[in-house]
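Novice:
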Amino acid sequence: MCGIIGGICKDNITPILLSGLKRLEYRGYDSAGVVVLSNDNKLSRARAVGKVVNLETSIQKQSPKIQGSLGIAHTRWATHGEPSTQNAHPHICFDTVSVVHNGIIENFLKLKQEQKAQGYAFTSDTDTEVIVHSIHQALKTSESLLKAIQKVVKTFEGTYSLGVISSEYPGHIVVARSGSPLIIGISDKGNFIASDQVALLDITKKFIFLKEGDTADITLNSITIYNQNDRQINRAIKTSNLKNNQIDLGDYKHYMQKEIFEQPQAIRDTLESRITKDTVLLSAFGHHAETIFTNTEHIQIIACGTSYNAGLVAKYWLEDIAKMPTNIEVASEYRYRNPIVLDNTLLITISQSGETADTLEALKSIKKRHKNIHTLTICNCAESSLTRESELILLTHAGPEISVASTKSFTTQLASLALLSVAIGKCHKQVDKQQEASIVDSLNRLPGLIKKTLEQESQIIELARSFKDKFNAIFLGRGTMHAIAMEGALKLKEISYIHSEAFPAGELKHGPIALIDKDTPVIAIAPNDQLLDKLKSNLQEVKSRGSQMIVFEDEMSNVPPMKNMTVMSITHNLGRITAPIIFIIPLQLLSYHVALIKGTDVDKPRNLAKSVTVE
Ligand code: AGP
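Residue numbers (this note's numbering): 18 to 632.
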């Protein structure tokens with residue numbers, strides 16, 4: 018969480034830092050700050066609570082102006098210490114050293130006590146402040162800023178990506194990374210650092226992706242990188258194929274809206290070159306995929322949030338289509354227990370960002386403890402920590418997802434997981450040519466089906482109006498639709514702040530039905546599948562309790578109209594692959610329009626961040 022940016026350039030760096038920070042806001046927006054080394058070699062700082070625009074306003078009012086060619090900046094998602102100006106980064110020690118940090122220093126309390134005893138004064142409640150004091154202390158006995166940083170990072174437990182400048186070393190910005198992302202951008206304007214390429218796309222397409230444990234000393238004309246053993250090392254310069262317009266809003270009001278409507282293309286891009294008209298290409302998963310899949314006897318999926326919900330759908334598919342025993346667990350729990358991992362398990366991580374700390378750490382710890390397993394990640398970010406840690410990689414080509422609420426990453430994850438289910442099923446001779454062709458046909462029809470569903474937006478806007486005064490909502494579904502109900506509930510709660518829960522419809526009578534009253538809308542998903550009649554009975558149970566109901570059905574489901582029930586037909590003849598991917602679309606639109614009615618900050622809902630790189 019938290020976004021950092023910095024650099025050294027030929028002109029005034031402040032506008033570059035501010036524009037980059039805005040693009041990093043998806044990583045957190047509790048506060049923002051900037052420190053620039055002025056021409057008279059002084060660190061000048063501005064910080065503000067809330068979004069980057071508040072920082073910008075405060076900088077505009079500031080005199081003398083914050084300008085210079087060397088600087089660092091930060092947008093914060095609060096972990097240690099409330100969102101306040103005092104806790105905002107960059108932190109400064111004795112007016113000479115300044116630091117921006119993304120991550121958590123777990124042993125900060127111990128370091129803080131030691132530093133207090135040495136006479137360092139603390140002005141914030143953050144874990145980060147110990148970093149700046151450590152560097153200040155180490156500089157007394159180090160020959161350079163780089164050496165001081167290489168020394169102190171060895172005393173830190175936890176995760177960090179750091180950008181550091183010092184008035185004693187004008188012309189240098191030093192960085193370090195361990196457990197949190199950091200890239201270097203090379204441009205004819207100068208050299209820059211950031212948590213993510215998107216922050217620098219305006220000025221460069223050339224990037225170096227630092228590896229775990231790397232440190233680097235950056236000047237206007239040089240970049241010197243060292244590995245975890247402090248040995249100088251070369252890291253490749255890569256050219257990003259991200260386009261600037263991919264991260265611009267265009268004619269849309271919000272990124273969430275844009276990303277919902279990008280789904281037909283995102284699915285097309287994800288499927289491209291991975292299927293022919295009737296087959297799934299095993300080569301899409303990498304050279305060794307066929308051998309690994311053939312030897313796989315069990316699957317364990319780990320993920321968080323929306324990615325976990327995609328994994329829940331995949332459990333049904335992998336067991337139904339590939340006949341492969343599959344478990345799924347949220348990464349934040351899995352990483353802290355001693356799970357029994359059987360030999361020949363394929364450990365699958367699913368993640369939009371590839372940087373979610375819980376998922377990454379769960380993967381690392383299982384890899385350390387179990388040798389006879391293989392790993393696959395389904396990820397949207399090619400240059401991410403998860404892709405680096407995994408043997409097999411299947412990239413979802415959703416394009417950059419900026420809105421905190423995941424939408425196109427979810428549907429592209431599902432499309433990828435459908436490919437995987439067929440691929441593994443083929444390797445185990447569980448999927449014949451006819452079944453494969455039929456699933457490929459379903460996948461090929463998805464972009465058109467999604468487009469058609471999106472055309473029903475105006476009806477969903479009508480439905481959203483009835484949520485204006487609601488505080489609770491219940492989502493129901495059976496089979497894979499329970500996972501879709503969970504994803505629908507997650508979307509509604511995170512952007513409209515309506516308390517939403519999802520239940521398997523058959524479980525209602527075992528307790529949750531007590532929650533139902535006339536003020537709690539119930540949203541049910543009714544595909545035309547083998548559980549339809551059971552679901553219809555569950556809807557009768559709800560109706561008897563006087564709740565307002567919304568049912569999204571397949572035209573062929575023929576859910577009988579009842580009092581206080583709106584039935585909206587989505588499309589018809591959806592199957593086991595298409596139904597979950599199509600039924601999430603109206604739920605995404607519903608959440609979006611409810612959030613608009615509630616007047617929340619759709620793309621940046623309170624307390625959240627896009628990429629959760631801390632525990
Ligand atoms: C959902 O809308 C959120 N964006 C969140 O649940 C997210 O899916 C979760 O934090 C996992 O992120 P990842 O896919 O980047 O690993």
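Ideal placement from N, C-alpha and C gives every residue a C-beta, glycine not left out.
Fair warning: this is a prediction, and the values are worked out from it, not measured in the lab.
1. Let me know if residue 104 comes out buried or exposed under the rule of 16 or more other beta-carbons within 10 Å of its beta-carbon.
2. Counting only runs that start and end within the stretch 327-363, where is the beta strand (DSSP E) found for 3 or more residues in a row?
3. Rounded to whole angstroms, what's the CA-CA distance from residue 526 to residue 561? Just pull it up for me.
4. Taking any heavy atom of the ligand AGP as the mark, which residues have a C-beta closer than 5 Å to it, listed down the chain?
5. Which ranges would you report for the alpha helix (DSSP H) in the stretch 89-177 if only whole runs of at least 4 residues count?
6. How should residue 488 be labelled, buried or exposed, when 16 other C-beta atoms within 10 angstroms of its C-beta is the threshold for buried?
7. Please classify residue 557 as buried or exposed, where buried requires at least 16 neighbouring CB atoms within 10 angstroms.
8. State whether the stretch 159-175 contacts the stretch 583-601, with contact taken as three or more CB pairs (one from each stretch) at a distance under 8 Å.
9. Given residue 617, which residues of its chain have a CB within under 7 Å of its CB, disregarding the five upstream and five downstream residues?
10. In the DSSP assignment, the alpha helix (DSSP H) including residue 73 goes from what residue to what residue?
11. Given that a residue counts as buried once 16 or more other Cβ atoms are within 10 Å of its Cβ, and exposed if not, what is residue 80?
12. Is the Cβ-Cβ distance between residue 316 and residue 356 less than 9 Å?
13. Could you pull out every unbroken alpha helix (DSSP H) segment of at least 4 residues lying fully inside the stretch 202-278, listed in chain order?
14. With 16 as the cutoff for other CB atoms within 10 Å, does residue 386 come out buried or exposed?
15. At what residues does the alpha helix (DSSP H) containing residue 383 begin and finish?
16. Would you check if the distance between the CB atom of residue 505 and the CB atom of residue 519 is smaller than 9 Å?
17. Any contact between the stretch 61-79 and the stretch 119-132? By contact I mean 3 or more CB pairs, one from each, below 8 Å.
18. To the nearest angstrom, how far is the alpha carbon of residue 455 from that of residue 222?
19. For residue 573, does the count of other Cβ atoms within 10 angstroms reach 16, so buried, or fall short, so exposed?
20. Are at least three pairs of beta-carbons, each pair with one atom in the stretch 472-482 and one in the stretch 593-608, less than 8 Å apart?
21. Out of 370, 147 and 331, which one is the CA nearest neighbour of residue 598?
22. Going by DSSP, name the residue or residues bridged to residue 543.
23. Does the separation of the CB atoms of residue 192 and residue 233 fall below 9 Å?
24. Can you list, in chain order, the stretches of the alpha helix (DSSP H) that have 4 or more residues and sit fully within the stretch 494-535?
25. Quick check on the burial criterion: 16 or more other C-beta atoms within 10 angstroms. Buried or exposed for residue 354?
26. Measure the alpha-carbon distance for residue 325 versus residue 375 and round it to whole angstroms.
27. Please state whether the Cβ-Cβ distance between residue 467 and residue 249 is less than 9 Å.
28. Got a sec? Which residues, its chain only, sit under 6 Å from residue 95 by beta carbon, not counting five neighbours each side?
29. Note down, in chain order, each residue of its chain lying with its Cβ closer than 6 Å to the Cβ of residue 415, except the 5 sequence neighbours on either side.
30. Report the residue from 196, 318, 84 and 297 whose alpha carbon sits nearest the alpha carbon of residue 59.
31. Quick one: Cα of residue 524 to Cα of residue 431, how far?
32. For residue 193, which of helix, strand or coil comes out of DSSP?
33. Between residue 491 and residue 559, what straight-line distance do the alpha-carbon atoms span, to the nearest angstrom?
34. Taking the CB atoms as reference points, tell me whether residue 54 and residue 184 lie closer together than 9 Å.
35. Which residues mark the beginning and the end of the beta strand (DSSP E) in which residue 62 is found?
Specialist: Taking the coordinates as given:
1. If you number the sequence shown from 1, residue 104 lands on position 87. Answer is buried; the Cβ neighbour count reaches 16.
2. Secondary structure remark: continuous beta strand (DSSP E) runs of at least 3 residues inside the stretch 327-363, in chain order: 343-347.
3. As a position in the sequence shown, residue 526 is number 509, starting the count at 1. As a position in the sequence shown, residue 561 is number 544, starting the count at 1. Spanning the two alpha carbons is a distance of roughly 12 Å.
4. Those satisfying the condition are, in chain order, 321, 322, 323, 324, 368, 369, 370, 373, 422, 423 and 629.
5. Runs of the alpha helix (DSSP H) inside the stretch 89-177: 125-134, 146-156 and 162-169.
6. Taking the first residue of the sequence shown as position 1, residue 488 is located at position 471. Within 10 angstroms of the beta-carbon of residue 488 lie fewer than 16 other beta-carbons, which makes it exposed.
7. Within the sequence shown, numbered from 1, the residue matching residue 557 stands at position 540. Exposed, because fewer than 16 other Cβ atoms sit within 10 Å of the Cβ of residue 557.
8. Flag = no, the stretch 159-175 and the stretch 583-601 do not touch.
9. For the purposes of this step, residue 617 is taken as residue 600 along the sequence shown, with counting starting at 1. The beta carbon of residue 617 sits closer than 7 Å to those of 512, 513 and 514, all from its chain and outside the five residues before and after it, given in chain order.
10. Here the question's residue 73 lines up with position 56 in the sequence shown. That run of the alpha helix (DSSP H) goes 69-78.
11. Indexing the sequence shown from 1 puts residue 80 at position 63. It is exposed - the Cβ of residue 80 has fewer than 16 other Cβ atoms within 10 Å.
12. Position 299 of the sequence shown, counting from 1, holds the residue named residue 316. Position 339 of the sequence shown, counting from 1, holds the residue named residue 356. The answer is no: Cβ separation not under 9 Å.
13. Counting only runs of 4 or more, we get 272-278.
14. Against the sequence shown, residue 386 aligns to sequence position 369. Exposed, by the Cβ-count rule.
15. Taking the first residue of the sequence shown as position 1, residue 383 is located at position 366. For residue 383, the enclosing alpha helix (DSSP H) has its first and last residue at 374-386.
16. Sequence index remark: in the sequence shown, residue 505 carries index 488 (1-based). Sequence index remark: in the sequence shown, residue 519 carries index 502 (1-based). For residue 505 and residue 519, yes; Cβs fall inside 9 Å.
17. Too few Cβ pairs lie closer than 8 Å, so no.
18. Counting from 1 along the sequence shown, the entry for residue 455 is found at position 438. Counting from 1 along the sequence shown, the entry for residue 222 is found at position 205. The straight-line gap from Cα to Cα measures roughly 41 Å.
19. Your numbering for residue 573 matches position 556 in the sequence shown. By the neighbour-count rule (16 or more Cβ atoms within 10 Å), residue 573 is not buried but exposed.
20. These segments touch.
21. As a working mapping, residue 598 is identified with position 581 in the sequence shown. Of 370, 147 and 331, the residue nearest in Cα terms is 331.
22. Residue 543 sits at position 526 when you count from the first residue of the sequence shown. DSSP lists 570 as the beta-bridge partner residues of residue 543.
23. In the sequence shown, counting from the first residue as 1, residue 192 sits at position 175. In the sequence shown, counting from the first residue as 1, residue 233 sits at position 216. Taking 9 Å as the Cβ cut-off, residue 192 and residue 233 qualify as a contacting pair.
24. The alpha helix (DSSP H) runs of length 4 or more contained entirely in the stretch 494-535 are, from start to end of the chain, 497-513.
25. What you label residue 354 is simply residue 337 of the sequence shown in a count that begins at 1. Residue 354 is exposed by the Cβ-count criterion.
26. For the purposes of this step, residue 325 is taken as residue 308 along the sequence shown, with counting starting at 1. For the purposes of this step, residue 375 is taken as residue 358 along the sequence shown, with counting starting at 1. Straight across, the Cα-Cα distance linking residue 325 with residue 375 is about 12 Å.
27. Residue 467 sits at position 450 when you count from the first residue of the sequence shown. Residue 249 sits at position 232 when you count from the first residue of the sequence shown. Between residue 467 and residue 249, the C-beta spacing is not below 9 Å.
28. As a position in the sequence shown, residue 95 is number 78, starting the count at 1. Result list for residue 95: 47, in chain order.
29. Residue numbering aside, residue 415 sits at position 398 when the sequence shown is read from its first letter. Answer for residue 415: 283, 397, 425, 426 and 429, listed in chain order.
30. Position 42 of the sequence shown, counted from the first residue, corresponds to residue 59. A check of alpha carbon separations from residue 59 across 196, 318, 84 and 297 identifies 84 as the nearest.
31. Here residue 524 refers to the residue found at position 507 of the sequence shown. Here residue 431 refers to the residue found at position 414 of the sequence shown. Going by the C-alpha atoms only, they are around 25 Å apart.
32. One-based indexing of the sequence shown puts residue 193 at position 176. Here residue 193 sits in strand by DSSP.
33. The sequence position of residue 491 within the sequence shown is 474, counting from 1. The sequence position of residue 559 within the sequence shown is 542, counting from 1. If you take the alpha carbons of residue 491 and residue 559, they lie about 11 Å apart.
34. As a working note, residue 54 is residue 37 in the sequence shown. As a working note, residue 184 is residue 167 in the sequence shown. Cβ atoms of residue 54 and residue 184: closer than 9 Å.
35. In the sequence shown, the residue the question calls residue 62 occupies position 45. Segment 60-66, the beta strand (DSSP E) holding residue 62.
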